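Engineer: Chains A and B are the protein sequences, given in the same order.
Per my numbering, the very first residue in the first sequence carries number 203; after that it's consecutive.
Per my numbering, the very first residue in the second sequence carries number 647; after that it's consecutive.
All residues carry an ideal CB built from backbone N, CA and C; glycine is no exception.
Everything numeric in this text was worked out from a predicted model, so none of it was measured.
This is the structure, below, for whatever I ask next.
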Amino acid sequence: GESVGLHLPTLSVQEGDNSIINCAYSNSASDYFIWYKQESGKGPQFIIDIRSNMDKRQGQRVTVLLNKTVKHLSLQIAATQPGDSAVYFCAESTGGGNKLTFGTGTQLKVEL
Amino acid sequence: EAGVAQSPRYKIIEKRQSVAFWCNPISGHATLYWYQQILGQGPKLLIQFQNNGVVDDSQLPKDRFSAERLKGVDSTLKIQPAKLEDSAVYLCASSATDNNSPLHFGNGTRLTVT
Chain A
203 GESVGLHLPT
213 LSVQEGDNSI
223 INCAYSNSAS
233 DYFIWYKQES
243 GKGPQFIIDI
253 RSNMDKRQGQ
263 RVTVLLNKTV
273 KHLSLQIAAT
283 QPGDSAVYFC
293 AESTGGGNKL
303 TFGTGTQLKV
313 EL
Chain B
647 EAGVAQSPRY
657 KIIEKRQSVA
667 FWCNPISGHA
677 TLYWYQQILG
687 QGPKLLIQFQ
697 NNGVVDDSQL
707 PKDRFSAERL
717 KGVDSTLKIQ
727 PAKLEDSAVY
737 LCASSATDNN
747 SPLHFGNGTR
757 LTVT
């Protein structure tokens, strides 16, 4: 299928290494943040979310860090696997609602 | 649980023609969204429904786009007439609530306008 990753920033990592994908947001009023994974030809898949009253949240092999001071969000993937290859989007919303604004995305490529 | 279902999977039309997309959300999800994703970009919200009412359609080009969710379950998005710049993937998503709950997306309809 046609890639959603054309013209996107690319991060290449070796299988087994840790990956860090970064996202900057501009709205200081944003209070809910989500990371999505999108594989070619599929819709975005929820990975992990975090609310603004937290600065770290962990899931299975993933950790999200939120730095509200510099309006920065990161997604850390431990022991990256070939199946992690995809485009990753951060998204934010304001005021407790679900109107998400998506970032431009990062293409993660896992090299064997 | 079954995911968000969308059809058709692909659609090719000529400019000035009309097209409709269908979405069936996850059972029990009151909130439904339509997003447009242009190649290489993140999804952009077109319209949000809560049950059968519109919550936000501020970014919907109302001169050519329309959407409905008459019975508060499935939804259709229509474009009439289509323009070349409407070529994109149209994603439907649903969430259990409209308050800080993750959106679950379907696989989208890829529209090509020639």
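1) Just confirm the distance between the C-beta atoms of residue 220 of chain A and residue 280 of chain A, as a whole number of angstroms; I'd bet it's less than 8 Å.
2) Please confirm if residue 224 of chain A has its CB atom under 7 Å from at least one CB of chain B.
3) At 8 Å on the CB atoms, spell out the chain B contacts of residue 211 of chain A, in chain order.
4) Return the residue from the list A:291, A:286, A:293 and A:294 that minimises the CA-CA distance to residue 214 of chain A.
5) What would DSSP say about residue 285 of chain A, mapped onto helix, strand or coil?
6) What residues in its chain sit with their C-beta under 6 Å from that of residue 267 of chain A, if we drop five residues either side in the sequence?
7) What separation, rounded to the nearest whole angstrom, lies between the Cα atoms of residue 274 of chain A and residue 303 of chain A?
8) Within the region 679-708 of chain B, note down every full beta strand (DSSP E) run reaching 3 residues or more, in order along the chain.
9) Could you check whether residue 235 of chain A and residue 252 of chain A sit closer than 7 Å to each other, using their CB atoms as the reference points?
10) Does residue 716 of chain B come out as helix, strand or coil in the three-state DSSP assignment?
11) Does residue 273 of chain A come within less than 7 Å of chain C when only Cβ atoms are used?
12) Whole angstroms is fine: what's the gap from residue 677 of chain B's alpha carbon to residue 283 of chain A's?
13) In chain B, which residues lie with their C-beta within 7 Å of the C-beta of residue 234 of chain A?
14) For residue 671 of chain B, is the classification buried or exposed, using 16 other Cβ atoms within 10 angstroms of its Cβ as the cut-off for buried?
15) By the 10 Å Cβ neighbour count, where 16 or more other Cβ atoms means buried, how is residue 748 of chain B classified, buried or exposed?
16) Answer yes or no: does any C-beta atom of chain A fall closer than 7 Å to that of residue 718 of chain B?
17) Span of the beta strand (DSSP E) holding residue 247 of chain A?
18) Straight-line CA distance for residue 240 of chain A to residue 687 of chain B?
19) Just checking: is the beta-carbon of residue 689 of chain B within a distance shorter than 7 Å of some beta-carbon in chain A?
20) Using a Cβ-Cβ distance cut-off of 7 Å, determine whether residue 306 of chain A contacts chain B.
21) Which residues in chain A sit within 9 Å of residue 711 of chain B, going by Cβ to Cβ distance?
22) For a test of the three-state rule: what should DSSP assign to residue 313 of chain A, helix, strand or coil?
23) Does the separation of the CB atoms of residue 650 of chain B and residue 740 of chain B fall below 7 Å?
24) Distance cutoff 7 Å, beta carbons only. Does residue 752 of chain B sit that close to anything in chain A?
Structural biologist: A quick look at the data gives this:
1) Reading the first sequence from its first residue, position 18 is the one you call residue 220 of chain A. Reading the first sequence from its first residue, position 78 is the one you call residue 280 of chain A. Between residue 280 of chain A and residue 220 of chain A the Cβ distance is about 5 Å, and since that is below 8 Å, they are a contact.
2) Here residue 224 of chain A refers to the residue found at position 22 of the first sequence. Answer no: the Cβ-Cβ gap between residue 224 of chain A and chain B never drops below 7 Å.
3) Along the first sequence, one-based indexing puts residue 211 of chain A at 9. Result: empty, since nearest Cβ-Cβ is about 11 Å, beyond 8 Å.
4) Numbered from 1 along the first sequence, position 12 holds the residue referred to as residue 214 of chain A. It is A:286.
5) Working through the first sequence from its first residue, we reach residue 285 of chain A at position 83. Helix at residue 285 of chain A.
6) The residue given as residue 267 of chain A occupies position 65 in the first sequence. Only 258 and 276 meet the Cβ criterion.
7) The residue you call residue 274 of chain A lines up with position 72 of the first sequence. The residue you call residue 303 of chain A lines up with position 101 of the first sequence. One C-alpha to the other measures close to 15 Å.
8) 690-696 and 699-702
9) To locate residue 252 of chain A, count along the first sequence from 1; it is residue 50. To locate residue 235 of chain A, count along the first sequence from 1; it is residue 33. Contact: yes.
10) Within the second sequence, numbered from 1, the residue matching residue 716 of chain B stands at position 70. Reduced to three states, the DSSP call for residue 716 of chain B is coil.
11) The chain labelled as chain C is not found among the protein chains of the depicted structure, namely A and B.
12) Translated into positions along the second sequence, residue 677 of chain B becomes position 31. Translated into positions along the first sequence, residue 283 of chain A becomes position 81. Approximately 34 Å, taken between the alpha carbons.
13) Numbered from 1 along the first sequence, position 32 holds the residue referred to as residue 234 of chain A. Residues of chain B passing the Cβ test: 746.
14) The residue labelled residue 671 of chain B in the question sits at position 25 within the second sequence. Under this definition residue 671 of chain B is a buried residue.
15) Along the second sequence, read from residue 1 onward, the residue named residue 748 of chain B stands at position 102. With 16 or more other Cβ atoms within 10 Å, it is buried.
16) For the purposes of this step, residue 718 of chain B is identified with residue 72 of the second sequence, where counting begins at 1. It does not: the Cβ of residue 718 of chain B has no partner Cβ on chain A nearer than 7 Å.
17) By one-based count along the first sequence, residue 247 of chain A stands at place 45. Residue 247 of chain A -> beta strand (DSSP E) spans 247-253.
18) Position 38 of the first sequence holds residue 240 of chain A. Position 41 of the second sequence holds residue 687 of chain B. Cα to Cα, residue 240 of chain A sits roughly 12 Å from residue 687 of chain B.
19) To locate residue 689 of chain B, count along the second sequence from 1; it is residue 43. By this cut-off, residue 689 of chain B is an interface position.
20) Start at 1 with the first residue of the first sequence, and residue 306 of chain A comes out as number 104. At least one chain B Cβ lies under 7 Å of residue 306 of chain A.
21) If you number the second sequence from 1, residue 711 of chain B lands on position 65. Simply none; closest approach about 17 Å.
22) As a position in the first sequence, residue 313 of chain A is number 111, starting the count at 1. Strand.
23) Here residue 650 of chain B refers to the residue found at position 4 of the second sequence. Here residue 740 of chain B refers to the residue found at position 94 of the second sequence. Yes, Cβ-Cβ distance for residue 650 of chain B and residue 740 of chain B is below 7 Å.
24) Position 106 of the second sequence holds residue 752 of chain B. Chain A, which has a Cβ nearer than 7 Å to the Cβ of residue 752 of chain B, makes this yes.
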